[in-house]
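K.L.:
Anchor point for the sequence shown: position 6 equals 1203 in my numbering, and the numbering is continuous, going up by one each time. Have a look at this one before I ask anything.
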Amino acid sequence: MQDSPGGRAVNHWFADGTFTSEWSNADRAGRVSGTWRVAADRRCVTIVTGLPGRANEETCSPIYRRGSRYISVNAQGGIHGIHTLSPIGADER
């Protein structure tokens, strides 16, 4: 995560429109879950659990591809994260 120095996250984006994210930074760690969808070429995310201050508020932002990596952008236009795709095994859900 670029907008949280030293931050790291493992996200699972499932085809049924749900996601989980296990994250950590120098100060704390947590697990977030919610729903996602695509609208107007942007990824829209609604957090359901894990961040009460952001629960049930949909945010939409673009994702750009650069080579084999994907770059997500935060609401202020800065880089939120640099992502690499990998397959998910059935036991990881």
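In this text, a Cβ means the ideal position worked out from N, Cα and C, and glycines have one as well. All values reported here derive from a predicted model rather than from experimental measurement.
Evaluate the contact criterion for the region 1247-1259 versus the region 1269-1285: three or more CB pairs, one atom per stretch, below 8 Å.
P.N.:
yes
K.L.:
Return the first residue and the last residue of the beta strand (DSSP E) that Arg1239 is part of.
P.N.:
1239-1246
K.L.:
Compute the beta-carbon to beta-carbon distance between Ala1252 and Val1245, rounded to the nearest angstrom, for a pair I have assumed lies under 8 Å.
P.N.:
7 Å
K.L.:
Quick check on DSSP: helix, strand or coil for Arg1251?
P.N.:
helix
K.L.:
Am I right that Thr1217 and Arg1228 are in contact with their C-beta atoms under 8 Å? What's the rounded C-beta distance?
P.N.:
7 Å
K.L.:
Indicate the three-state DSSP secondary structure (helix, strand or coil) for Asn1208 in the structure shown.
P.N.:
strand
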